[in-house]
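Numbering of the sequence shown is given in the working numbering, commencing with residue 196 and proceeding in unit increments.
The structure appears below as structure tokens.
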Amino acid sequence: MSEYGIVQSRAPVFFKRFDRKEENQHQTHYCPGCGHGVAHKMIADALGELGVQDRTIMVSPVGCSVFVYYYFDTGNVQAAHGRASAVATGLKRSNPEAMVISYQGDGDLAAIGTAEIIHAANRGENITVFFLNNAIYGMTGGQMAPTTLVGQVSTTTPWGRRPNNDGFPIKMAEMIATLEAPVYVERVALCDSKHILQARKAVKKALELQKQGAGFTMVEILSPCPTILKMEPTAARRWVAETLTKQFPLGVYRDRKPEFVPVAVPQTSVAELLGITGKGITEAGERHARRQHCARTIKVAGFGGQGILLLGQLLAEMGMREHMEVSWLPSYGPEMRSGSAYCDVTLSHERIGTPLVSRPEVLAAMNEPSLRKFGPHVPAGGVLLYNGRSLPEDLRFEGVTVVCVPATEIADQIGAAKVGNVVMMGALLEATDCLPFSTAREVLSELVKYPKLVEMNELALEAGRNFLSSEALAGAVAGPDGCRE
Ligand SMILES: Cc1ncc(C[n+]2csc(CCOP(=O)(O)OP(=O)(O)O)c2C)c(N)n1
Ligand code: SF4
Numbered sequence: 196m197s198e199y200g201i202v203q204s205r206a207p208v209f210f211k212r213f214d215r216k217e218e219n220q221h222q223t224h225y226c227p228g229c230g231h232g233v234a235h236k237m238i239a240d241a242l243g244e245l246g247v248q249d250r251t252i253m254v255s256p257v258g259c260s261v262f263v264y265y266y267f268d269t270g271n272v273q274a275a276h277g278r279a280s281a282v283a284t285g286l287k288r289s290n291p292e293a294m295v296i297s298y299q300g301d302g303d304l305a306a307i308g309t310a311e312i313i314h315a316a317n318r319g320e321n322i323t324v325f326f327l328n329n330a331i332y333g334m335t336g337g338q339m340a341p342t343t344l345v346g347q348v349s350t351t352t353p354w355g356r357r358p359n360n361d362g363f364p365i366k367m368a369e370m371i372a373t374l375e376a377p378v379y380v381e382r383v384a385l386c387d388s389k390h391i392l393q394a395r396k397a398v399k400k401a402l403e404l405q406k407q408g409a410g411f412t413m414v415e416i417l418s419p420c421p422t423i424l425k426m427e428p429t430a431a432r433r434w435v436a437e438t439l440t441k442q443f444p445l446g447v448y449r450d451r452k453p454e455f456v457p458v459a460v461p462q463t464s465v466a467e468l469l470g471i472t473g474k475g476i477t478e479a480g481e482r483h484a485r486r487q488h489c490a491r492t493i494k495v496a497g498f499g500g501q502g503i504l505l506l507g508q509l510l511a512e513m514g515m516r517e518h519m520e521v522s523w524l525p526s527y528g529p530e531m532r533s534g535s536a537y538c539d540v541t542l543s544h545e546r547i548g549t550p551l552v553s554r555p556e557v558l559a560a561m562n563e564p565s566l567r568k569f570g571p572h573v574p575a576g577g578v579l580l581y582n583g584r585s586l587p588e589d590l591r592f593e594g595v596t597v598v599c600v601p602a603t604e605i606a607d608q609i610g611a612a613k614v615g616n617v618v619m620m621g622a623l624l625e626a627t628d629c630l631p632f633s634t635a636r637e638v639l640s641e642l643v644k645y646p647k648l649v650e651m652n653e654l655a656l657e658a659g660r661n662f663l664s665s666e667a668l669a670g671a672v673a674g675p676d677g678c679r680e
């Protein structure tokens, strides 16, 4: 036995267990003979060889390979159908040091995602696209793809693809290679050992170029889909070799450096563009910045018309002015007014990984349904502000500081129920100390258009703050276990 050595094994870039398969943790979900698994292996091997696993982000598509994230032990983002190269663009631009891979099938890249791929390539984004062309929609059971061959039968072309009705197969590698910016475009095939070795080289070269910062690279990989072709795996590979390559000739379509003419573009920061420079970090802001090192995740929830989304926007705007990283993610139903509405806000001194807030450290619940829905998601140590004089009898929130602020009632006394959100903002700032009041006043005075409302908002902000520092402490604040005291 000692004369034998292992020459092929699981790439270290793959997870040790593939959790998707409960009973078969060692294997993927792909059909026997499918090209996706082979392509995954060569990408994983190349990433390992280049030593870039821990700075790689895979963008998985919609299609059979949607579950890329179950296999690659790298960063993973799943994009909406066809949007992988646009998502990859965003990821690369915000993480220039990352290796970003957009992995897409032919339905995904050449049909619904045509615009995204063309423009990503045309801009010369420094990403690598692996384009699996199996000439069919695999996952959905075999509809015609833009790459389906003339005469090829699919569920949507039962008489075979007819150019006068269905157009001609689109040659993506050739099309992309007509653009100025791409640096490397090659078409390879997974049909026999010789071609698979060539494909491995192309995959590695594309990734190497990205690592060097060369620009846009794409490898189109002709791939067998035995299940939809209704062929044995060996016959499907033969079909790729003998039929598919005739329509899609293999070879290098682009291998050169782009020739960009340098143009002097004035670089302006986002803060300058938004006209919020010059104000700098206020003294109070600096104090807050020192105090706050990690993210503060906030959810504001209620019904449409309560100014829920605006309250989130104001917090995000304030965070921006304090030179924090911010995100604001709104969610509301089609009916808007009186329908359920909420938004997620993150304020951080570090880059924000996701705008989604599923376990808010701070919840401002402007009505009872949102209290019931999101209250249980606030972790121990969090703060829950409720728009009411007291909590409903049956609700308890273990380990959470619950503050009942009758924001709407206070706003009514001021003269406009619509400033209830700003009352809540005053209470929130006072309870959490997450942003300075001076910035809140500045933002309100600049963003609110009507002078009368500016005055009311200032009163509302102060009223929320005062309620907390005077009345609330006198008895309206619930105990840390969520019970009323
Ligand atoms: C917006 C949207 N439209 C349609 C679908 C349905 N859908 C799922 S996979 C798929 C086709 C994928 O085909 P392809 O990109 O060729 O990948 P394969 O499955 O062959 O690997 C479609 C149309 C969807 N998920 N989302
Ligand atoms: S349907 Fe085709 S593309 Fe999808 S996993 Fe099976 S063989 Fe692969």
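Backbone N, C-alpha and C define an ideal beta-carbon position, used for all residues, glycine too.
(request) Return the CA-CA distance between Gln407 and Val202, expressed in angstroms with no decimal places. (result) On the sequence shown, position 212 is the one that residue 407 refers to. On the sequence shown, position 7 is the one that residue 202 refers to. Taking the straight line joining both Cα atoms gives about 28 Å.
(request) Going by CA-CA distance only, name the one from Tyr199, Lys389, Pro358, Ala397 that's closest to Asp240. (result) Looking up residue 240 in the sequence shown gives position 45. When only C-alpha atoms are compared, the closest one is Ala397.
(request) Measure the alpha-carbon distance for Arg357 versus Leu505 and round it to whole angstroms. (result) For the purposes of this step, residue 357 is identified with residue 162 of the sequence shown, where counting begins at 1. For the purposes of this step, residue 505 is identified with residue 310 of the sequence shown, where counting begins at 1. In a straight line, the C-alpha of Arg357 is about 53 Å away from that of Leu505.
(message) Is any non-hydrogen atom of ligand 1 found closer than 7 Å to the C-beta of Met426, if you look at the structure I gave you?
(response) Looking up residue 426 in the sequence shown gives position 231. False, no ligand heavy atom lies under 7 Å from that Cβ.
(message) Using a strict less-than 6 Å threshold between each residue's beta carbon and the heavy atoms of ligand 3, what residues do you get?
(response) With respect to ligand 3, the structure shown offers nothing to examine, as its ligands consist of ligand 1 and ligand 2.
(message) If the criterion is Cβ atoms closer than 8 Å, does the pair Ala560 and Gly621 meet it?
(response) Locating residue 560 in the sequence shown gives position 365, where the first residue counts as 1. Locating residue 621 in the sequence shown gives position 426, where the first residue counts as 1. The Cβ atoms of Ala560 and Gly621 lie no closer than 8 Å to each other.
(message) I'd like to know if the stretch 615–631 and the stretch 587–605 are in contact, where contact means that at least 3 CB-CB pairs between them fall below 8 Å.
(response) yes
(message) Whole angstroms are fine: how far does the CA of Asn328 sit from the CA of Gly577?
(response) Against the sequence shown, residue 577 aligns to sequence position 382. Against the sequence shown, residue 328 aligns to sequence position 133. Their Cα atoms are separated by approximately 49 Å.
(request) Specify the secondary structure class of Lys494 as computed by DSSP and reduced to three states. (result) The residue you call residue 494 lines up with position 299 of the sequence shown. Note: Lys494 maps to strand in three-state DSSP.
(message) For a test of your reading of the model: does the CB of Val233 fall under 7 Å from any non-hydrogen atom of ligand 1? Yes or no.
(response) For the purposes of this step, residue 233 is taken as the residue at position 38 of the sequence shown. Because no heavy atom of ligand 1 lies under 7 Å away, the Cβ of Val233 does not count as near it: no.
(request) State buried or exposed for Val460, treating a residue as buried only when at least 16 other CB atoms are found within 10 Å of its CB. (result) Position 265 of the sequence shown, counting from 1, holds the residue named residue 460. By the neighbour-count rule (16 or more Cβ atoms within 10 Å), Val460 is not buried but exposed.
(request) For Ser681, count neighbouring C-beta atoms within 10 Å of its own C-beta (all shown protein chains included) and say buried if the count is 16 or more, exposed if not. (result) Nothing about residue 681 can be read from this structure; the chain reaches only from 196 to 680.
(request) Between the Cα of Thr412 and those of Ala575, Val380, Arg205, Glu292, spot the shortest distance and give me the residue it belongs to. (result) For the purposes of this step, residue 412 is identified with residue 217 of the sequence shown, where counting begins at 1. The shortest C-alpha separation from Thr412 is found at Val380.
(request) Output yes or no for whether 8 Å exceeds the beta carbon distance between Ala575 and Val540. (result) By one-based count along the sequence shown, residue 575 stands at place 380. By one-based count along the sequence shown, residue 540 stands at place 345. Not closer than 8 Å, so no.
(message) Could you pull the DSSP bridge partners for Asp450 from this structure?
(response) Position 255 of the sequence shown, counted from the first residue, corresponds to residue 450. Looking at the DSSP assignment, Asp450 forms a beta bridge with Tyr379.
(message) I need the straight-line Cα distance from Val169 to Val649, nearest angstrom please.
(response) Nothing can be reported for residue 169: it is not among the residues displayed for the chain, which extend from 196 to 680.
(message) In whole angstroms, give me the CA-to-CA distance for Ile476 and Thr627.
(response) Within the sequence shown, residue 476 is the residue found at index 281, counting from 1. Within the sequence shown, residue 627 is the residue found at index 432, counting from 1. Confidence is the limiting factor: at Ile476 the pLDDT is only 46, short of 50, which leaves the residue's position unreliable, though a coordinate-based value still follows. Roughly 19 Å separates the two Cα atoms.
(request) Between the Cα of Phe301 and those of Lys287, Phe325, Ala283, Pro291, spot the shortest distance and give me the residue it belongs to. (result) The residue given as residue 301 occupies position 106 in the sequence shown. The question names Phe, yet the displayed sequence has Asp at residue 301. Per the Cα distances, Phe325.
(message) For a test of your reading of the model: does the CB of His276 fall under 7 Å from any non-hydrogen atom of ligand 1? Yes or no.
(response) Your numbering for residue 276 matches position 81 in the sequence shown. True, at least one ligand heavy atom lies under 7 Å from that Cβ.
(request) State the Cα-Cα distance for the pair Lys211 and Ile365, rounded to the nearest angstrom. (result) For the purposes of this step, residue 211 is taken as the residue at position 16 of the sequence shown. For the purposes of this step, residue 365 is taken as the residue at position 170 of the sequence shown. So the two alpha carbons sit approximately 38 Å from each other.
(request) Report back the beta-carbon spacing between Pro428 and Pro227 to the nearest angstrom; my notes put them in contact at under 8 Å. (result) Here residue 428 refers to the residue found at position 233 when the sequence shown is read from its first residue. Here residue 227 refers to the residue found at position 32 when the sequence shown is read from its first residue. With 8 Å as the limit, Pro428 and Pro227 qualify as a contact, their Cβ atoms being about 6 Å apart.
(request) With 8 Å as the threshold, decide whether the Cβ of Leu344 is near any Cβ in chain C. (result) Protein chain content of the structure displayed is limited to a single chain, and chain C is not contained in it.
(request) With DSSP as the reference, label Leu579 as helix, strand or coil. (result) Position 384 of the sequence shown, counted from the first residue, corresponds to residue 579. Strand, per DSSP.
(request) Work out the CA separation of Tyr537 and Leu558 for me, nearest whole Å. (result) Here the question's residue 558 lines up with position 363 in the sequence shown. Here the question's residue 537 lines up with position 342 in the sequence shown. Leu558 and Tyr537: Cα-Cα distance of roughly 10 Å.
(request) May I ask you to list the residues that DSSP assigns as paired with Asn328? (result) In the sequence shown, residue 328 corresponds to position 133, counting from 1. Answer by DSSP bridge pairing, in chain order: Leu417.
(request) Rounded to whole angstroms, what's the CA-CA distance from Gly677 to Asn582? Just pull it up for me. (result) Counting from one through the sequence shown, the residue named residue 677 turns up at place 482. Counting from one through the sequence shown, the residue named residue 582 turns up at place 387. Only weak support is given to the placement of Gly677: the predicted model assigns it a pLDDT of 47, under 50, and the value that follows is read from those uncertain coordinates. For Gly677 and Asn582, the distance between alpha carbons rounds to 15 Å.
(request) Ignore the nearest five residues each way along the sequence and tell me which others in Pro675's own chain have a CB closer than 6 Å to its CB. (result) Taking the first residue of the sequence shown as 1, we reach residue 675 at position 480. Because Pro675 carries a pLDDT of 47, less than 50, the predicted location of this residue cannot be relied on, and the following value inherits that uncertainty. Excluding positions up to five away in sequence, the list reads Thr596.
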